[in-house]
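J.:
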Amino acid sequence: PDGCSVGHGPPGPLCPGPESCPVCVSFAGGSLTKLAYYSTVQHKVAKVRSFDHSGKDTEREHEPPYEISVQEEITARLHFIKFENTYIEACLDFIKDHLVNTETKVIQATGGGAYKFKDLIEEKLRLKVDKEDVMTCLIKGCNFVLKNIPHEAFVYQKDSDPEFRFQTNHPHIFPYLLVNIGSGVSIVKVETEDRFEWVGGSSIGGGTFWGLGALLTKTKKFDELLHLASRGQHSNVDMLVRDVYGGAHQTLGLSGNLIASSFGKSATADQEFSKEDMAKSLLHMISNDIGQLACLHARLHSLDRVYFGGFFIRGHPVTMRTITYSINFFSKGEVQALFLRHEGYLGAIGAFLKGAEQDNPNQYSWGENYAGSSGLMSASPELGPAQRARSGTFDLLEMDRLERPLVNLPLLLDPPSYVPDTVDLTDDALARKYWLTCFEEALDGVVKRAVASQPDSVDAAERAEKFRQKYWNKLQTLRQQPFAYGTLTVRSLLDTREHCLNEFNFPDPYSKVKQRENGVALRCFPGVVRSLDALGWEERQLALVKGLLAGNVFDWGAKAVSEPWLVDSYSEWLQRLKGPPHKCALIFADNSGIDIILGVFPFVRELLLRGTEVILACNSGPALNDVTHSESLIVAERIAGMDPVVHSALREERLLLVQTGSSSPCLDLSRLDKGLAALVRERGADLVVIEGMGRAVHTNYHAALRCESLKLAVIKNAWLAERLGGRLFSVIFKYEVPAE
Amino acid sequence: MRRLGPFHPRVHWAAPPSLSSGLHRLLFLRGTRIPSSTTLSPPRHDSLSLDGGTVNPPRVREPTGREAFGPSPASSDWLPARWRNGRGGRPRARLCSGWTAAEERWLLRMGAGRLGAPMERHGRASATSLSSAGEQAAGDPEGRRQEPLRRRASSASVPAVGASAEGTRRDRLGSYSGPTSVSRQRVESLRKKRPLFPWFGLDIGGTLVKLVYFEPKDITAEEEEEEVESLKSIRKYLTSNVAYGSTGIRDVHLELKDLTLCGRKGNLHFIRFPTHDMPAFIQMGRDKNFSSLHTVFCATGGGAYKFEQDFLTIGDLQLCKLDELDCLIKGILYIDSVGFNGRSQCYYFENPADSEKCQKLPFDLKNPYPLLLVNIGSGVSILAVYSKDNYKRVTGTSLGGGTFFGLCCLLTGCTTFEEALEMASRGDSTKVDKLVRDIYGGDYERFGLPGWAVASSFGNMMSKEKREAVSKEDLARATLITITNNIGSIARMCALNENINQVVFVGNFLRINTIAMRLLAYALDYWSKGQLKALFSEHEGYFGAVGALLELLKIP
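Protein sequence lines correspond, in order, to chains X and P.
1629 is the number that the numbering used here gives the last residue of the first sequence; the numbers go up by one with no jumps.
560 is the number that the numbering used here gives the last residue of the second sequence; the numbers go up by one with no jumps.
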């Protein structure tokens, strides 16, 4: 049953990164080895750079406003792989081949396998095995995923739809109770990053299920035992309350199905019991017992969040169900049983973090790479044998290191309850079906766009095809298992597509389109500003808003917006504008081209003239045709050259351009660049403007802020418009003032 | 720890192999005493009174029951000498005070139809007794036939169940010889409210039925004369046997002697038989015409509900169903107050982990509250008791005695609890369980876990080689250790949550189960760093039945 620990590189076909770096570990538990390693991933990024205009006085009409270059960039990525212990030697060989010329002398290992395979590893790799404490690693890993992976934790309800309910990341993860069900059970109270305490445990755990189950049923494998249990009837073996009370339990208000004595019937009858029934009874006995102890400990320490992990749980719906039942029963609903999507990796992640302490991975933020991660339940025993054969062997998790830490927007009304996404597609089967089909149908176009964006590349078509295959597979997985990557949302579908494009070196398929549109829009800017300035104040306000909305439509070639507006609080906004100016506005921009240049900038300019400072936040990395931070810098510079208002505002730092920290067409206000958050606080932002469908409708439509906010979009999707009660190109103009 | 011999005498309940099991699964089989194998009746109990028919000289007791229980020489010689310095000699007899209030409640309950309409029942019962008069009791074929009628004829008034109708109370005691006129009045009032003999308390659990029977030893000649034959035969049958059928056992060593209950002096007997023999018991009640006695069967436990209908339709007996936990607590408090034939009822273990130094010592439960009460029957109930009337059920677990025995049956093929325990006493659980040291090579210091602690029960059984290397005895031992440790662990957590530091373990799982008791004692002490004390009680499994009897007698 012992897993093992290993070095850094996975066996050949699994190896994704070109420069796997050997800071690494692996872990034990069950018959699987978990391996964690750090790699630097080299991939192409599109960079924009201003032409040097100093020597020229005139600008040619069709010259692009800036140049694009594709550069190699190296980013850090964390890889976690699990595979069956039988592959340990192949794995060690692989590591050995890749460890040549590295300075690594020590390898971190944890879990029972750390002892078992220590000699093998040391001999093969000539590395010193540094054994890390299992629980310390587990807790480090748990803290890490709870902080860094959205929708990491979930509750499991077997008979509801969806079965998985993912939790939004809580800004304060401490304190919590971690119940690790390995061979035995450890119950740990985690109070801070470094402070935790073993508060109790039980010897009745996964090993008891496995060992006792093997004795009773002659079934040797853990998964098979679970499978037996899922088909059994425990009431044939257990003595239930109704067996003791007869039919009277109802009048007494007792539930007759409660177990009075586990295996109680096997003591009184001279009969044979089926393997299935005994396995089921055993499963109930152990799950109930663990749940009861967990509740007793939770009560003693006044904790209501209990995370369960260990090989007994590990994605097995059968055990998650019985544990959840037990917790609900014993705590009367006061304690929540939570499970983790990456529970199997906690030890490996923790051991890795310990080994990488000098680099302190905790100072960074990390993002789950949907392209490189296999989803939850891939090793579930309830899958078909073919699926299991494929996925049981290994399972992947990749996390990209983000260059800057991400934090909550300080203006969120209640960070713990903030949910970015408007529609939960795991919950809403109709919407899920629509959007999955929608993304499937759009795939051809995306592939074409990707190929077209790299006309000079010989293998673009081939890579684009690989991208198509990968994303298509992801969509199919999500059709079967909508919960595979946490709550399924339009945002996660969009993000997955971006990750897959990046994976095949299509960092910015829209770069050329954006370049051209920005050029066109820039040339129109002076005229637009002149005509706006010619309008009266009230007319101008409406024109500015329409400009924001219109720019938002152009990318889809819309001719006209639908009247009347679907959500219309314009008159309240206008009334507000007649009052004192805002101190500082935070604007989240959407598209490149007309939107940013002819929609957002004139609006910004008006705010500046009112005496309002502006923070303009654009994406750190490319996503569709959204304007990136670096593009926004060039655009702003060019506009400043044409417009003294913007020019002086930039110079005087009344207009600030910042990056969001995101590369998504949507917006998660709980994961924003730390610099942005600091600036918002420093400048005392009192107005937030969010524009575009991705940021203001798919996400944040219901976001509650502590200050005034404007959410603007044109619904460019007939299905969604209908859902919201409007028509295609319906306008959303949502001006909100927080309640006093 | 494993070497320790049992503190309790072994009482085997297996039938002698010569008897056909089909026949002897029936309880109280025609009153025939099953020839006991030598193990059935340990010599230490030889002084036990088997002559239920002896008529004691009539005495009038103070209703306050001041008799001291002298140390019983009968069953103490197997105890270490140090055990005897308990509370011997202290007057512990229970008073029947507060009687009237309880009486009212009782009458109310009876009148509320819980036992049906007494008068009607009486008539019907008489008929039944007549019609079944042809039934013969073995060993007394002739005498009983006319008894029911005779008794009634000699009574001044017509008896009725529960004495609910005025003037129908049966004057069973006839006349007393020698009571003073002052006490006579009190005795009279007591007598009137006293239920009819026989006095039973029944606790029908998931696995075992526990029956307590009060055998009056102060029966006057006149009473004896009046006593209906079926009543007499019950008394004689119960008191002169130690085994009933193949599965019924009287725990002779637990008998409480010279107990005063409701002004009557006698012995309290403790009998058990498996719940699956309940139908036979009811059938016997029918055969013996119990219903003619108009006795009230006070019963508790789930079986009181399960078998209620059978009692009524087959045995023509109306059960008075009582709350399980009420009875349990009542029973414990009462039994603790009367002591154990002059010795202490409650005890604890000193140095439980050390076979050499381990001692069973009496514990004076003079400050019983708050108390955590852990009742380990087939399943486990845990109660926090704050006073006589204030308690709550904290939690329970399905991993109890039934789980131990059930798993042992499956794993070892054993057929009796005694056999399972006997196997466990010879096994080595460390071959089955994975210990902390098996994983960490020693103590797990990071968490302060000692190397000897069990990390995973049955954890070694994940490996095929180790599965093949263990014996049935090892498996029995591991099962026992697993269940016991788990109960200890849950009890400890409950004690912490409820802020209680004395934990009393009762229930039949602990019967002749010194391994479990010492383990509980040790585990509680170790993991609580000495804050918690595990206490045990001699009559471990019988408190519910005692509580039911007390309800019958309306003892508050």
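Yeah, the Cβ is synthetic: ideal placement off N, Cα and C, and Gly gets one too.
Keep in mind that this is a model prediction, so the values were computed, not measured.
#1: Do you know how far the Cα of residue 1093(X) is from the Cα of residue 490(P)?
#2: Applying the criterion that 16 or more other CB atoms from any shown protein chain within 10 Å of the CB defines a buried residue, is residue 1255(X) buried or exposed?
#3: How many angstroms separate the CA atom of residue 356(P) from the CA atom of residue 977(X)?
#4: Taking residue 1384(X) as part of the alpha helix (DSSP H), name the residues at either end of that continuous run.
#5: Assign residue 487(P) to one of two classes, buried (16 or more other C-beta atoms within 10 Å of its C-beta) or exposed (fewer than that).
#6: Taking DSSP as the reference, what is the three-state secondary structure of residue 49(P)?
#7: Give me, in chain order, the residues of the same chain whose beta-carbon lies closer than 6 Å to that of residue 1600(X); leave out the 5 immediate sequence neighbours on both sides.
#8: Ignoring anything shorter than 4 residues, give me the alpha helix (DSSP H) runs that lie fully in the segment 1004-1084 of chain X, in order along the chain.
#9: Can you confirm whether residue 1169(X), when its beta carbon is compared against all beta carbons of chain P, has any partner nearer than 8 Å?
#10: Give me the chain P residues within the contact set of residue 1103(X), using Cβ-Cβ distance strictly less than 7 Å, ordered along the chain.
#11: From this set, 1101(X), 955(X), 1357(X), 1369(X), which residue's C-alpha is nearest residue 414(P)'s C-alpha?
#12: At the level of alpha carbons, what is the spacing between residue 1342(X) and residue 1478(X)?
#13: Is residue 1213(X) helix, strand or coil when you go by DSSP?
#14: Measure how close the beta-carbons of residue 1071(X) and residue 1095(X) come, nearest whole angstrom, since I'm counting them as under 8 Å.
#15: For residue 1183(X), return the contacting residues in chain P, with the cut-off set at a CB-CB distance below 8 Å.
#16: Does residue 1507(X) come out as helix, strand or coil in the three-state DSSP assignment?
#17: Cα separation between residue 461(P) and residue 433(P)?
#18: Does the Cβ of residue 1560(X) lie closer than 7 Å to at least one heavy atom of the ligand FAD?
#19: Need the endpoints of the beta strand (DSSP E) that residue 1255(X) sits in, please.
#20: Can you give me the C-alpha to C-alpha distance between residue 1612(X) and residue 1619(X), rounded to a whole angstrom?
#21: Taking DSSP as the reference, what is the three-state secondary structure of residue 544(P)?
#22: Could you give the DSSP three-state label for residue 1202(X): helix, strand or coil?
#23: Is there at least one Cβ from chain X nearer than 8 Å to residue 459(P)'s Cβ?
#24: Could you tell me which chain P residues have their CB closer than 9 Å to the CB of residue 1189(X), listed as they occur along the chain?
#25: With which residues is residue 344(P) paired in a DSSP beta bridge?
#26: Express the C-alpha separation of residue 1169(X) and residue 1049(X) in angstroms, rounding to a whole number.
#27: Quick check on the burial criterion: 16 or more other C-beta atoms within 10 angstroms. Buried or exposed for residue 1626(X)?
#28: With 16 other CB atoms within 10 Å as the buried threshold, where does residue 273(P) fall?
#29: If contact is defined by three or more beta carbon pairs under 8 Å, each pair taking one atom from either stretch, is the segment 399-417 of chain P in contact with the segment 343-361 of chain P?
#30: Considering only the alpha carbon of each residue, which of 1535(X), 1469(X), 1412(X) lies closest to residue 1483(X)?
#31: Pull up the distance between the alpha-carbon of residue 1323(X) and that of residue 1042(X), whole angstroms please.
#32: Evaluate residue 963(X) with the Cβ neighbour count: other Cβ atoms within 10 Å of its Cβ, from every protein chain shown; 16 or more gives buried, anything less gives exposed.
#33: Just to confirm, is the Cβ distance from residue 1074(X) to residue 1067(X) under 8 Å?
#34: Would you report the Cα separation of residue 1473(X) and residue 1565(X), rounded to the nearest angstrom?
#35: Taking Cβ to Cβ, would you say residue 1596(X) is nearer than 8 Å to residue 1300(X)?
#36: Note the first and the last residue of the continuous beta strand (DSSP E) segment covering residue 1580(X).
T.: In brief:
#1: Spanning the two alpha carbons is a distance of roughly 8 Å.
#2: With 16 or more other Cβ atoms within 10 Å, it is buried.
#3: Taking the CA atoms as reference points, residue 356(P) sits about 46 Å from residue 977(X).
#4: 1379-1392
#5: Label assigned to residue 487(P): buried.
#6: Here residue 49(P) scores only 35 on pLDDT, less than 50, and its place in the model is too uncertain to base an answer on.
#7: 1579, 1585, 1623
#8: Those alpha helix (DSSP H) runs which fall completely within the segment 1004-1084 of chain X and span 4+ residues are 1007-1014, 1023-1037.
#9: no
#10: When 7 Å is used as the limit between beta carbons, residue 1103(X) is near these residues of chain P: 465, 466, 471, in chain order.
#11: Nearest of 1101(X), 955(X), 1357(X), 1369(X) to residue 414(P), Cα basis: 1101(X).
#12: Here the alpha carbons of residue 1478(X) and residue 1342(X) stand approximately 23 Å from one another.
#13: helix
#14: Correct: roughly 6 Å between the Cβ atoms.
#15: Per Cβ cutoff of 8 Å: no residues; residue 1183(X) is ~10 Å from chain P at best.
#16: strand
#17: Answer to the nearest angstrom: the Cα atoms are 9 Å apart.
#18: The ligand FAD is not part of this structure, which contains no ligands at all.
#19: 1254-1257
#20: Put simply, the backbone Cα of residue 1612(X) is about 11 Å away from that of residue 1619(X).
#21: coil
#22: coil
#23: At least one chain X Cβ lies under 8 Å of residue 459(P).
#24: 497, 500, 501
#25: 347(P)
#26: The alpha-carbon separation between residue 1049(X) and residue 1169(X) amounts to approximately 22 Å.
#27: exposed
#28: Looking at its Cβ environment, which holds 16 or more other Cβ atoms inside 10 Å, residue 273(P) is buried.
#29: no
#30: 1412(X)
#31: A straight-line Cα-Cα distance of about 26 Å links residue 1323(X) and residue 1042(X).
#32: With fewer than 16 other Cβ atoms from the protein chains shown falling within 10 Å of its own Cβ, residue 963(X) counts as exposed.
#33: no
#34: When rounded, the distance between both Cα atoms is 13 Å.
#35: yes
#36: 1576-1580
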